[in-house]
Amino acid sequence: MYNIAILGASGYTGAELIRLIAGHSYMNIKALGANSKAGQSMAEVFPHLRHLHLPDLVTIEDIDFSHIDLCFCALPHKTSQEVIAALPKDLKIVDLSADFRLRDPVDYEKWYGNPHAALEQQKEAVYGLTEFYRDEIKAARLVAGTGCNAATGQFAIRPLIERKVIDFDDIILDMKCAVSGAGRSLKENLLHAELSEGYHAYAIGGTHRHLGEFDQEFSAIAGRPVKVQFTPHLIPANRGILATCYVKGDPEEVFEALAATYRDEPFIEVIPFGQMPSTRHIRGSNFCHIGVSADRIEGRAIVTAALDNLTKGSSGQALQNANLMLNIDETEGLMMAPLFP
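Taking the working numbering as reference, the numbering of the sequence shown is continuous, increasing by one, and the terminal residue is 867.
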């Protein structure tokens, strides 16, 4: 058994990690850090986890990391880098924040508004998009989980750039994002009366921070700058992301590129040509469904991807990476079927 610590355990991704690890054969939750709710039990903070025998929440300073094999860090960006810089240098860490996703510190400051405070750790961090960085993740000490929007868009588009079947200068990503992606903090615009019965676009015109990941990853694959048009929309749903991607390329070639890339991947399902995925079919699971359809305009294709932002987009991805880092079967604790209806 491997002893696990979760920092930021009182947030949605922390709770999701606990839910997933509860069904894991080789992990034992040894410590739960949550400074704002230290001294409380998980049953008080998340009643849906009351059936589990879990340690009480403590401050991060009170955790003895000498007995921890791997630490999940589910803290906000900026806080995460400061905490991780102070952790033992030999501790394996999976970070769920944005702090180590961007390789260039200049890019980090551009998108997140403050200089990076843990440059040594940033240099060793491996980008945590499991299906494309598997070998690097296996050997890593620190893995940086992707943004949930960034993961969804990359699953849909990355293989098409790698196989050169689309026009790199004509990519549009339209995403519908559930409210849990904004975290558990109280915000006026996320109140039920403010959010329900409608949805709206936000971060218009290229201001969303996950664009930094798209720019970094797509440009590296193409060998030249690639900039996509990306507009997220907040929808009145608890979980899920649906990305509708508009690309210029032969629809059949687009479909074959995706099918070939993901043929042996346990968590990525390319569904039959012409069918479209739904967030209701991946809810609560570590699966991502991808569909391709021809557009009425010749030479254009529509690619749609759906995943659960808390699972495959965050905590499930984190556990998938942790399995690799600990030399455990990658699918351990993650093969649960989606919740339906």
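From the three backbone atoms N, C-alpha and C, an ideal C-beta is built for every residue, glycine too. This one's a predicted model, so the numbers in the text were calculated from it and none came from an experiment.
Excluding sequence positions up to five away, which residues of its chain have a Cβ less than 6 angstroms from the Cβ of residue i?
| i | result |
| --- | --- |
| ASN812 | PHE793, THR837, LYS838, GLY842, LEU860 |
| HIS736 | GLY673, ASN675, ALA676 |
| ASN847 | VAL620, GLY654, THR656, ILE663, VAL669 |
| GLY534 | GLY540, ALA600, LEU601 |
May I ask you to report which of helix, strand or coil DSSP gives residue i?
| i | result |
| --- | --- |
| MET701 | strand |
| THR830 | strand |
| ALA531 | strand |
| PHE694 | coil |
| GLN566 | coil |
| PRO631 | helix |
| THR859 | The displayed chain sequence assigns Gly, not Thr, to residue 859. Of the three classes helix, strand and coil, the one that applies to GLY859 here is coil, per DSSP. |
| ILE619 | strand |
| LEU768 | strand |
| ILE594 | coil |
| MET802 | coil |
| ASN554 | strand |
| GLU608 | helix |
| ALA763 | coil |
| PRO864 | coil |
| SER536 | coil |
| GLY723 | At residue 723 the sequence reads Glu, which differs from the Gly that was named. The answer is coil: DSSP assigns GLU723 none of H, G, I, E or B. |
Closer than 7 angstroms to a non-hydrogen atom of the ligand MN - does that hold for the CB of residue i?
| i | result |
| --- | --- |
| LEU768 | No copy of the ligand MN occurs in the structure displayed, which carries no ligand at all. |
With the cut-off set at 8 angstroms, would you say residue i and residue j are in Cβ contact?
| i | j | result |
| --- | --- | --- |
| LEU583 | ALA560 | yes |
| PRO631 | LEU645 | yes |
| HIS759 | CYS703 | yes |
| GLN647 | LEU668 | yes |
| ILE663 | PHE598 | no |
| ILE808 | THR678 | no |
| GLY738 | ASP625 | no |
| ARG629 | GLN742 | yes |
| PRO641 | GLU650 | no |
| GLY671 | ALA844 | yes |
Assign residue i to one of two classes, buried (16 or more other C-beta atoms within 10 Å of its C-beta) or exposed (fewer than that).
| i | result |
| --- | --- |
| GLN680 | buried |
| THR787 | buried |
| PRO803 | buried |
| SER562 | exposed |
| MET851 | buried |
| ASN554 | exposed |
| SER551 | exposed |
| LEU717 | exposed |
| PHE866 | exposed |
| GLY537 | buried |
Excluding the five sequence neighbours on either side, which residues of its own chain have a C-beta within less than 7 angstroms of the C-beta of residue i, listed in chain order?
| i | result |
| --- | --- |
| HIS593 | ASN529, LYS556 |
| ASP834 | ARG765, GLY766, ILE808, ARG809, GLY810, SER811 |
| PHE572 | ALA541 |
| ALA548 | LEU578 |
| PRO614 | PHE591 |
Who are the Cβ neighbours of residue i in its own chain at under 8 angstroms, not counting the five residues just before and after it?
| i | result |
| --- | --- |
| LEU721 | VAL705, ASN715, LEU760, PRO762 |
| ASN853 | LYS664 |
| ASP595 | TYR528, ASN529, ILE530, LYS618, LEU852 |
| ILE797 | PRO803, HIS815, ILE816, GLY817 |
Counting Cβ pairs closer than 8 angstroms, one from the region 536-552 and one from the region 603-619, do we hit at least three? no
Does the pairing of the region 772-784 with the region 688-706 give three or more beta-carbon distances under 8 angstroms? yes
Sufficient close CB pairs (3 or more, under 8 angstroms) joining the region 697-713 to the region 743-759: yes
Check whether the region 766-777 and the region 824-835 are in contact - that is, three or more C-beta pairs closer than 8 angstroms. yes
Under 8 angstroms, with one C-beta from each stretch per pair, do the region 739-750 and the region 701-720 reach the 3-pair mark? no
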